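Undergrad: Please find one structure pasted underneath; my questions will follow.
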Amino acid sequence: NAGVMQNPRHLVRRRGQEARLRCSPMKGHSHVYWYRQLPEEGLKFMVYLQKENIIDESGMPKERFSAEFPKEGPSILRIQQVVRGDSAAYFCASSRYGAVGTEAFFGQGTRLTVV
Amino acid sequence: AQSVTQLGSHVSVSEGALVLLRCNYSSSVPPYLFWYVQYPNQGLQLLLKYTTGATLVKGINGFEAEFKKSETSFHLTKPSAHMSDAAEYFCAVNTGFQKLVFGTGTRLLVSP
């Protein structure tokens, strides 16, 4: 049973380009969460999705960032017109249920570097 | 709003010594509390969690944590540190919403 798969593991983008980060949840998991970890900081919640629905996007920057979790395929976190401040590790987590206290399993992250 | 404070961004211990990583939380409702470990360039792995019931929770790799409501604390301990325990540890709280709120992390250094 494969864990949460994120790709790419490392991504380098020039300022102004688009970054697409992909996350395949664990088998049987329909709840996906994205977190961002800035250098020397803890993880900050960005967005919570279920299949085809955004449940909570209170942590997403208002501009340039979007997320989706289509019926088929991985969840995608998209960052348009990247800036240096977007450089961070982006982690995806998935859970089988959405109930509070349910364990979320984390992927290995995508480390985005904006040059 | 809920929050987590981890005292000490770095903790150094000798191999075989007691490990104590501190976590205090703020919550207006009964919290669910978690400890995660992160090895370099890896994702987070769940060590243990408290939801309800017994306040002393045992996790993987010999770690345990005790939920103390009166002190709003959930400190992580291990009786005897091993070199392989060197990593970053994050405390997190989930209080009725689907998102985890993380502390800023504590880096554990283990010397021979």
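The listed protein sequences correspond, in order, to chains A and B. Using our numbering, you'd call the opening residue of the first sequence number 35 and step up by one each time. Using our numbering, you'd call the opening residue of the second sequence number 1391 and step up by one each time. Yeah, the Cβ is synthetic: ideal placement off N, Cα and C, and Gly gets one too. Model, not experiment: these values are computed from the prediction.
1. For B/SER1474, which three-state DSSP category applies?
2. Using CA atoms only, rank isn't needed, just tell me which of A/HIS63, A/PHE79, A/LYS85 is closest to A/VAL38.
3. How would you list, in chain order, the residues of chain B whose beta-carbon sits under 7 Å from the beta-carbon of A/ILE160?
4. To the nearest angstrom, how far is the alpha carbon of B/GLN1428 from that of A/LEU77?
5. Starting from B/THR1441, find everything on chain A with Cβ-Cβ shorter than 9 Å and list it in chain order.
6. Counting only Cβ-Cβ distances shorter than 7 Å, please list the residues of the segment 1428-1459 of chain B near chain A, keeping chain order.
7. Taking A/GLU86 as the query, report the chain B residues whose CB atoms sit under 9 Å from its CB, ordered along the chain.
8. How far does the beta strand (DSSP E) with A/CYS126 in it reach, from first residue to last?
9. Would you list the one or two residues that DSSP bridges to B/CYS1413?
10. How is the beta strand (DSSP E) around A/VAL81 delimited, first residue to last?
11. Compute the beta-carbon to beta-carbon distance between A/TYR131 and A/GLY143, rounded to the nearest angstrom, for a pair I have assumed lies under 8 Å.
TA: Walking through what the data contain:
1. As a first step, residue 1474 of chain B is located in the second sequence; it is residue number 84 there, counting from the start. Looking at B/SER1474 - three-state DSSP - the assignment turns out to be helix.
2. Residue 38 of chain A sits at position 4 when you count from the first residue of the first sequence. For A/VAL38, the nearest C-alpha among the options comes from A/HIS63.
3. The requested residue 160 of chain A is not part of the displayed model; chain A covers only 35 to 149.
4. Locating residue 1428 of chain B in the second sequence gives position 38, counting from the first residue. Locating residue 77 of chain A in the first sequence gives position 43, counting from the first residue. Cα-Cα distance, rounded: 11 Å.
5. Position 51 of the second sequence, counted from the first residue, corresponds to residue 1441 of chain B. By Cβ distance, chain A contributes VAL134, GLY135.
6. GLN1432, GLY1433, LEU1434, LEU1436, LYS1439, THR1441
7. As a working mapping, residue 86 of chain A is identified with position 52 in the first sequence. What A/GLU86 touches in chain B: nothing, since even the nearest Cβ is about 16 Å away.
8. Start at 1 with the first residue of the first sequence, and residue 126 of chain A comes out as number 92. Residues 122-129.
9. The sequence position of residue 1413 of chain B within the second sequence is 23, counting from 1. Answer by DSSP bridge pairing: none, since B/CYS1413 is not bridged.
10. Here residue 81 of chain A corresponds to residue number 47 of the first sequence, with the count starting at 1. From DSSP, the beta strand (DSSP E) with A/VAL81 extends over 77-84.
11. Numbered from 1 along the first sequence, position 97 holds the residue referred to as residue 131 of chain A. Numbered from 1 along the first sequence, position 109 holds the residue referred to as residue 143 of chain A. Wrong, their Cβ atoms sit about 23 Å apart, outside the cutoff.
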